[in-house]
Amino acid sequence: MVVAGPVNNGGGALGLAGMKGLSVQILTGRWFMVFASFLIMSAAGATYMFGIYSSDIKKVLGYDQSTLNLLSFFKDLGANVGVLSGLINEVTPPYVVLSIGAVLNFFGYFMIWLAVTKKISTPKVWQMCLYICIGANSQSFANTGSLVPCVKNFPESRGSVLGILKGYVGLSGAIITQLYHALYGNDSKSLILLIGWLPAAISLVFLRTIRYMKVIRQTNEIKVFYNFLYISLGLAGFLMIMIIVQRPVQFTRGEYGISAAAVLVLLFLPLAVVIAEEFKLWQSKNLAVNDPTPLKIITEKPSPAETIPSLPAPSYDTTTNSLTETEPSTEKQASCWRTAFRPPDRGDDYTILQALFSVDMLVLFMSAICGVGGTLTAIDNLGQIGASLGYPKLSVSTFVSLVSIWNYLGRVASGFGSEIALKRYKFPRPLMLTITLLLSCAGHLLIAFNVPNGLYLASVIIGFCFGAQWPLLFAIISELFGLKYYSTLYNFGAVASPIGLYVLNVKVTGYLYDKEAEKQMAASGVKRVAGEELDCKGVDCFKLSFIIITAVTLFGALVSLILVLRTKKFYKSDIYMKFREQSKQAETEMAMNGNGTGPSETKGVARDFNVSFNNK
1 MVVAGPVNNG
11 GGALGLAGMK
21 GLSVQILTGR
31 WFMVFASFLI
41 MSAAGATYMF
51 GIYSSDIKKV
61 LGYDQSTLNL
71 LSFFKDLGAN
81 VGVLSGLINE
91 VTPPYVVLSI
101 GAVLNFFGYF
111 MIWLAVTKKI
121 STPKVWQMCL
131 YICIGANSQS
141 FANTGSLVPC
151 VKNFPESRGS
161 VLGILKGYVG
171 LSGAIITQLY
181 HALYGNDSKS
191 LILLIGWLPA
201 AISLVFLRTI
211 RYMKVIRQTN
221 EIKVFYNFLY
231 ISLGLAGFLM
241 IMIIVQRPVQ
251 FTRGEYGISA
261 AAVLVLLFLP
271 LAVVIAEEFK
281 LWQSKNLAVN
291 DPTPLKIITE
301 KPSPAETIPS
311 LPAPSYDTTT
321 NSLTETEPST
331 EKQASCWRTA
341 FRPPDRGDDY
351 TILQALFSVD
361 MLVLFMSAIC
371 GVGGTLTAID
381 NLGQIGASLG
391 YPKLSVSTFV
401 SLVSIWNYLG
411 RVASGFGSEI
421 ALKRYKFPRP
431 LMLTITLLLS
441 CAGHLLIAFN
451 VPNGLYLASV
461 IIGFCFGAQW
471 PLLFAIISEL
481 FGLKYYSTLY
491 NFGAVASPIG
501 LYVLNVKVTG
511 YLYDKEAEKQ
521 MAASGVKRVA
531 GEELDCKGVD
541 CFKLSFIIIT
551 AVTLFGALVS
561 LILVLRTKKF
571 YKSDIYMKFR
581 EQSKQAETEM
591 AMNGNGTGPS
601 ETKGVARDFN
611 VSFNNK
């Protein structure tokens with residue numbers, strides 16, 4: 001079927017009514033929703049800043065390293081066990097998920113701030129673990145509430161979407177560091193308060209913006225994401241320059257204020273791209289609305305060979321807004337438990353149980369436990385690693401910012417890079433995951449053997465590899481198991497992080513650190529007083545731990561090769577073909593229904609007219 005219409009060079013001047021229409025177009029469009037997701041994500045990575053304020057918790061509350069690492073484990077448990085947020089997102093609109101996340105974020109971190117500033121009586125260890133778990137769990141709600149709708153609204157660009165959105169999460173540590181220095185100077189206790197109210201406020205502002213929309217494919221879609229990428233690269237470059245400059249130079253509050261203002265300008269710069277894109281769509285829509293000639297629809301009767309047997313009409317699922325086929329009401333649905341071990345073909349929509357019991361998920365999960373657990377252990381212990389190896393205190397903030405910047409670069413590189421490699425060369429994402437795990441081993445070895453100034457390079461490698469694993473993990477899940485239950489499966493994949501962290505951080509790193517610290521105290525004839533922090537100095541504090549972590553990560557890389565072999569044929573096929581077909585169905589449906597009244601519908605018809613105009 002061909003949709004065409006006569007050319008009308010009108011588009012209308014921007015009068016009062018035009019400005020109102022354009023404003024509605026911008027605020028209700030898909031691209032503004034992406035921009036809102038950028039802002040939510042840019043404040044959703046507060047858990048990565050634990051290395052800055054963990055020393056305050058350890059000192060004020062008198063914890064040893066094992067207790068601090070236990071606290072760190074509950075932080076990452078909360079941040080990554082988002083199955084609840086996924087299940088809620090399956091049955092409610094995204095604004096419900098974002099609202100719950102905002103409440104959890106403020107409550108958890110506000111209680112920690114009250115404890116560290118001694119405004120309440122000293123909480124028990126289990127209470128502190130509960131507070132940080134609740135606060136960190138808000139990150140999974142923010143991720144689910146904003147990232148999942150974006151992936152479903154742009155299914156053919158999911159690698160790019162995941163890369164840039166998770167990239168902003170990676171940058172959030174460096175972004176919040178600049179804002180915190182501008183607002184509170186060097187008071188790291190106040191940082192806890194900042195990460196309590198700022199993410200909550202941003203989520204509440206954009207509650208009604210984040211939503212599922214009917215998928216209409218735009219020919220320049222990937223170019224728009226590249227424009228967003230270039231802006232985010234500029235933001236990352238500026239933050240990198242600030243890290244380098246602020247290391248030898250002591251900035252004043254005013255100078256931090258200037259750098260924070262520049263960060264905010266770069267954060268809001270994608271809004272210019274949004275306005276430009278929505279303005280084009282608005283002009284195209286006006287061509288369709290103002291054209292006096294009715295829409296002309298030309299249909300071609302398919303040949304008998306192409307005739308498809310009668311099927312139920314397609315319908316849009318009210319929760320996910322994805323195109324699904326309506327099953328005949330007379331057909332009895334099989335129990336989900338009976339079909340758990342009878343999965344469909346790779347790429348089709350698995351049920352939750354089918355995905356959880358599949359060999360592919362088991363292999364992917366094991367690889368993530370080894371890879372993410374090891375890199376996150378290094379990130380959470382950066383403060384203590386730097387102190388034990390004799391780095392100055394100012395360098396700890398530098399390490400955190402370096403991890404944040406390269407965390408971002410890893411995310412966008414793996415997201416956009418794997419998308420390009422997959423579409424052009426059929427290079428499988430699981431193999432890219434294997435390469436990432438092997439690279440992270442180099443960072444762990446730099447820490448283990450205390451190479452001179454090696455912690456700076458280790459921060460870069462570990463930050464990059466940690467960031468690169470997430471878009472690959474989530475994209476692989478969406479490609480192998482479908483998008484129908486992506487909210488839940490996405491969060492299940494993230495559960496690998498706290499499992500790996502508990503084993504490698506609490507049971508291995510924390511235990512060996514305290515053992516070496518007690519050994520040093522015994523050698524110096526000093527006895528530890530109850531309630532005092534336990535410190536260790538020298539290369540032996542973390543050496544054995546990171547040799548073990550290197551071995552575990554190498555094992556994870558070998559396990560991931562199993563998934564590479566199992567999915568080799570799948571990634572050689574056209575895995576996005578069905579989404580293109582669904583998009584064409586949606587466009588055809590809109591064209592036959594005429595000019596719709598909703599934002600999504602008008603954009604679909606407008607795009608058809610724009611294509612016709614360009615062809616003429």
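Residue numbers (this note's numbering): 1 to 616. Note that CB positions come from ideal geometry on N, CA and C, so glycine has one too.
| First through last residue of the alpha helix (DSSP H) which encompasses Pro-624 | One cannot answer for residue 624 here, as it falls past the ends of the chain, which runs 1 to 616.
| said: With a threshold of 8 Å on Cβ separation, who are the neighbours of Leu-198 within its own chain once the five nearest residues in sequence on each side are excluded? | reply: Your numbering for residue 198 matches position 198 in the sequence shown. Here the set comprises Ala-43, Ile-176 and Leu-179.
| request: Quick one: residues in its chain with C-beta nearer than 7 Å to the C-beta of Leu-269, no 5 flanking neighbours on either side, listed in chain order? | output: Residue 269 sits at position 269 when you count from the first residue of the sequence shown. Contacts found: Ile-231.
| query | What residue from Ala-551, Ala-142, Phe-50 and Lys-75 has the CA that sits closest to Gly-643's CA? | reply | What the structure shows of the chain is the stretch from 1 to 616, and residue 643 is not part of that stretch, so it cannot be assessed.
| message | If you follow the alpha helix (DSSP H) that Trp-470 is in, where does it begin and where does it stop? | response | In the sequence shown, the residue the question calls residue 470 occupies position 470. Its alpha helix (DSSP H) spans residues 454 to 481.
| field | Inter-residue CB distance, Asp-535 and Ala-517 (contact presumed, cutoff 8 Å) | value | Against the sequence shown, residue 535 aligns to sequence position 535. Against the sequence shown, residue 517 aligns to sequence position 517. Correct: roughly 6 Å between the Cβ atoms.
| request: Measure the CB-CB distance between Phe-225 and Ser-160 and report whether it falls below 7 Å. | output: As a working mapping, residue 225 is identified with position 225 in the sequence shown. As a working mapping, residue 160 is identified with position 160 in the sequence shown. Contact check for Phe-225 against Ser-160 passes: the beta carbons are separated by less than 7 Å.
| said: Quick check: what's the CA-CA separation for Arg-429 versus Lys-118? | reply: Position 429 of the sequence shown, counting from 1, holds the residue named residue 429. Position 118 of the sequence shown, counting from 1, holds the residue named residue 118. In a straight line, the C-alpha of Arg-429 is about 48 Å away from that of Lys-118.
| task | For Leu-193, count neighbouring C-beta atoms within 10 Å of its own C-beta (all shown protein chains included) and say buried if the count is 16 or more, exposed if not. | result | Looking up residue 193 in the sequence shown gives position 193. Classification for Leu-193: buried.
| request: Take the Cβ of Tyr-408 as the centre, count every other Cβ of all protein chains shown within 10 Å, and call the residue buried at 16 or more, exposed below. | output: Position 408 of the sequence shown, counting from 1, holds the residue named residue 408. Around the C-beta of Tyr-408, 16 or more other C-beta atoms lie within 10 Å, and the residue is accordingly described as buried.
| Shortest alpha-carbon distance to Gly-82 belongs to which of Ser-140, Phe-464 and Tyr-95? | Taking the first residue of the sequence shown as position 1, residue 82 is located at position 82. The alpha carbon of Gly-82 has as its nearest neighbour, out of Ser-140, Phe-464 and Tyr-95, the alpha carbon of Ser-140.
| Under the three-state DSSP convention, the category Pro-94 falls into | Reading the sequence shown from its first residue, position 94 is the one you call residue 94. In this structure, Pro-94 counts as helix in the three-state DSSP scheme.
| request: Leaving out five residues on either side along the sequence, give the residues of the same chain with a beta carbon under 7 Å from the beta carbon of Arg-158. | output: Numbered from its first residue, the sequence shown carries residue 158 at position 158. Excluding the 5 residues flanking it on each side, Arg-158 has same chain C-beta neighbours closer than 7 Å at Val-151, Ala-475 and Ser-478, in chain order.
| request: Could you say which of Val-359, Tyr-502 and Val-24 lies nearest to Val-564 if we only look at CA atoms? | output: Indexing the sequence shown from 1 puts residue 564 at position 564. Per the Cα distances, Val-359.
| For Ser-203, which three-state DSSP category applies? | Here residue 203 corresponds to residue number 203 of the sequence shown, with the count starting at 1. Looking at Ser-203 - three-state DSSP - the assignment turns out to be helix.
| query | How should Leu-558 be labelled, buried or exposed, when 16 other C-beta atoms within 10 angstroms of its C-beta is the threshold for buried? | reply | Here residue 558 refers to the residue found at position 558 of the sequence shown. Leu-558 comes out exposed.
| said: Between Ala-448, Ile-575, Ala-468 and Tyr-486, which has its C-alpha nearest Ala-551's C-alpha? | reply: Reading the sequence shown from its first residue, position 551 is the one you call residue 551. Sorting Ala-448, Ile-575, Ala-468 and Tyr-486 by C-alpha distance to the C-alpha of Ala-551 places Ala-448 at the top.
| request: Pick out whichever of Ala-236, Val-265 and Gly-101 has its Cα sitting closest to the Cα of Thr-206. | output: Position 206 of the sequence shown holds residue 206. Sequence check: residue 206 is Phe here, not Thr. A check of alpha carbon separations from Phe-206 across Ala-236, Val-265 and Gly-101 identifies Gly-101 as the nearest.
| Helix, strand or coil at Ser-72 according to DSSP, with G and I counted as helix | On the sequence shown, residue 72 is found 72 positions in, with the first residue counted as 1. Reduced to three states, the DSSP call for Ser-72 is helix.
| message | Using the three-state DSSP reduction, which class does Tyr-350 fall into: helix, strand or coil? | response | The residue labelled residue 350 in the question sits at position 350 within the sequence shown. Coil, per DSSP.
| At least 3 beta-carbon pairs within less than 8 Å: the stretch 500 to 509 vs the stretch 66 to 84 | Counting Cβ pairs under 8 Å, three or more are found: they touch.
| field | Where Phe-449 sits in the DSSP three-state scheme | value | Within the sequence shown, residue 449 is the residue found at index 449, counting from 1. Coil at Phe-449, not helix or strand.
| said: For Ser-55 and Met-41, I'd like the C-alpha separation in whole angstroms. | reply: The residue labelled residue 55 in the question sits at position 55 within the sequence shown. The residue labelled residue 41 in the question sits at position 41 within the sequence shown. When the Cα atoms are used, Ser-55 and Met-41 turn out to be separated by approximately 26 Å.
| request: Give a yes or no on whether the minimum CB-CB distance between Lys-519 and chain D is below 7 Å. | output: Reference to chain D is not applicable here, since this structure consists of a single protein chain.
| query | Looking only at its own chain, which residues have a Cβ that is under 7 Å from the Cβ of Thr-318, when we skip the five neighbours before and after it? | reply | Start at 1 with the first residue of the sequence shown, and residue 318 comes out as number 318. Note on Thr-318: pLDDT 38, under 50, position unreliable in the model; no value is reported.
| said: Excluding the 5 residues flanking Tyr-443 on each side, which residues of the same chain have their C-beta closer than 6 Å to its C-beta? | reply: Taking the sequence shown and counting its residues from 1, one reaches residue 443 at position 443. According to the sequence shown, residue 443 is Gly rather than Tyr. Beyond the five residues adjoining it in sequence on each side, Gly-443 comes within less than 6 Å, by CB distance, of Ala-458, Ile-461 and Ile-462 in the same chain, given in chain order.
| query | Going by other Cβ atoms of all chains shown within 10 Å of its Cβ, with 16 needed for buried, is Met-577 buried or exposed? | reply | Counting from 1 along the sequence shown, the entry for residue 577 is found at position 577. Exposed, because fewer than 16 other Cβ atoms sit within 10 Å of the Cβ of Met-577.
| task | Reducing DSSP to helix, strand and coil, say where Pro-392 ends up. | result | Residue mapping note: residue 392 aligns to position 392 of the sequence shown, counting from 1. Note: Pro-392 maps to coil in three-state DSSP.
| message | Pairs of beta-carbons, one from the stretch 270 to 281 and one from the stretch 20 to 39, closer than 8 Å: are there three or more? | response | In short, these stretches touch, since the Cβ pair count reaches three.
| message | For the stretch 230 to 245 against the stretch 407 to 426, do three or more pairs of beta-carbon atoms, one drawn from each stretch, fall closer than 8 Å, so that the two count as touching? | response | Output reads yes: the stretch 407 to 426 touches the stretch 230 to 245.
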